[in-house]
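Before any comments, here is the structure.
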Amino acid sequence: PPPSPEVLSAAMASRLLRVGAALRLLPAATGRSVISRHYAAPGDLATDEEQATGLERKVMEAMNKGLDPWSMFRPKRYAGTKEDPNLVPSITNKRIVGCVCEEDNSCVIWFWLHKGEAQRCPSCGSHYKLIPHELPH
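This note's numbering runs 36 ahead of the 1-based position in the sequence shown.
Shown next as structure tokens:
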């Protein structure tokens with residue numbers, strides 16, 4: 037005959053207590069992973085740089101050199117004059133640019149920037165220049 041519901045619930049409670057005790061022993065509070073603490077000696081695991089291949093490796097190498105492959109960092113500030121225009125990277129020969137002409141302005145002036153000479157914002161006169169940008173792949 038199958039075990040009674042009381043026997044099953046006692047077995048499940050016993051198992052839950054064992055699992056709960058095992059979970060309390062995990063190093064969650066220390067921030068270390070279970071694998072590195074229990075199974076591998078320090079230095080045996082490959083680092084992210086050693087495991088990376090393809091596009092991920094190219095991006096890591098660029099970041100280590102101080103480059104910004106995905107244009108995630110804040111752009112460098114330029115004077116915005118004809119001699120020192122704001123540089124705008126692009127993978128094509130034109131790009132749409134938004135200029136917030138004054139710091140507290142809520143209106144954005146949009147215009148097309150084309151490859152070649154520096155161009156001016158139609159509203160404030162700041163200069164922008166398109167520069168070629170290569171993707172990391």
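Glycine included, every Cβ here is placed at the ideal spot set by N, Cα and C.
In the structure shown, residue 94 adopts helical secondary structure according to DSSP, grouped into three states. Bounds of the beta strand (DSSP E) holding residue 126 are 122-126. In this structure, the beta-carbon distance from residue 154 to residue 118 falls below 8 Å. Contact check for residue 96 against residue 85 passes: the beta carbons are separated by less than 8 Å. Boundaries of the alpha helix (DSSP H) harbouring residue 84: 84-87, taken from the DSSP string.
With respect to residue 94, residue 121 sits apart: the two C-beta atoms are not nearer than 8 Å. With respect to the C-alpha of residue 113, the residue from 170, 145, 163 having the closest C-alpha is 163. Per DSSP, the continuous beta strand (DSSP E) segment holding residue 164 begins and ends at 163-168. Checking the DSSP bridge columns, you'll see residue 131 partnered with 149. The C-alpha of residue 136 is placed about 21 Å away from the C-alpha of residue 151. Around the beta carbon of residue 149, a 10 Å sphere encloses 16 or more other beta carbons of the protein chains shown; the residue is thus reported as buried.
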